[in-house]
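Going by our numbering, the residue at position 62 of the sequence shown is 62; the numbering climbs one at a time, nothing skipped.
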Amino acid sequence: MGQRMPAPHRPEIILTEVQKRIILQLRIAGPTPRVHLASMLRMNTASMTRMTQQLVAMGMLEELGASDASARGRPTVPLAIAGRGGWSAGATVHPGWLELVVIDFAGQPVFHDSIPFDDPDPRYIEPQHALSEALKSGRCPTYSDGQSLWD
Numbered sequence: 001m002g003q004r005m006p007a008p009h010r011p012e013i014i015l016t017e018v019q020k021r022i023i024l025q026l027r028i029a030g031p032t033p034r035v036h037l038a039s040m041l042r043m044n045t046a047s048m049t050r051m052t053q054q055l056v057a058m059g060m061l062e063e064l065g066a067s068d069a070s071a072r073g074r075p076t077v078p079l080a081i082a083g084r085g086g087w088s089a090g091a092t093v094h095p096g097w098l099e100l101v102v103i104d105f106a107g108q109p110v111f112h113d114s115i116p117f118d119d120p121d122p123r124y125i126e127p128q129h130a131l132s133e134a135l136k137s138g139r140c141p142t143y144s145d146g147q148s149l150w151d
């Protein structure tokens with residue numbers, strides 16, 4: 001059985017202040033068409049289109065299915081935070097056990113594990129090691145399409 005090849009390194013993503021504002025607004029409001037985002041953030045629609053196209057190309061946002069198809073003109077396409085845009089890991093120490101959680105960029109939990117420990121002093125727990133071991137154990141989460149979280 002072959003060893004799994006590591007995914008190629010993704011470069012650090014540096015966002016402009018405007019791009020950060022767009023992502024924050026989508027976190028607050030949920031999926032929103034560009035025209036409404038532009039209005040909420042007091043931007044012109046051409047600038048909003050350019051900025052959101054960049055965020056979609058970076059994998060930070062995704063376009064959802066067109067809505068309001070019965071209305072006249074071009075249907076609006078809501079934008080949403082893309083879960084695969086990044087991940088965040090967290091650890092919480094409780095008396096006798098360590099809780100590990102990974103959430104995707106959209107804020108959805110993709111991994112949760114609890115690991116018991118015997119040492120009464122939590123300063124000696126290494127959450128990064130525990131998380132690494134938990135993920136290596138084969139409990140790595142997958143998306144609904146079967147793709148691994150880390151691919």
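Ideal placement from N, C-alpha and C gives every residue a C-beta, glycine not left out.
| query | result |
| --- | --- |
| Selected residue, minimal CA-CA separation from Gln108, among Ile13, Ala80, Gln25, Asp118 | Ala80 |
| Cβ-based neighbour list, Glu12, same chain, cut-off 8 Å, excluding 5 preceding and 5 following | none |
| Of the residues Pro78, Met48, His94, Asp113, the one placed nearest Leu100, counting alpha carbons only | Asp113 |
| Sequence-distant residues of its chain with Cβ nearer than 6 Å to Ile103 (five each side left out) | Ser88, Pro109 |
| Opening and closing residue of the alpha helix (DSSP H) in which Glu17 lies | 17–29 |
| Reference Met43, options Ile22, Asp118, Gly30, Phe117, closest by Cα | Ile22 |
| Length-filtered (3 minimum) beta strand (DSSP E) runs lying within the region 42–86 | 61–63, 78–81 |
| Rounded straight-line distance, which links the Cα of Met60 to that of Leu24 | 12 Å |
| Proximity of Ala66 and Thr76 at Cβ, strictly below 9 Å | yes |
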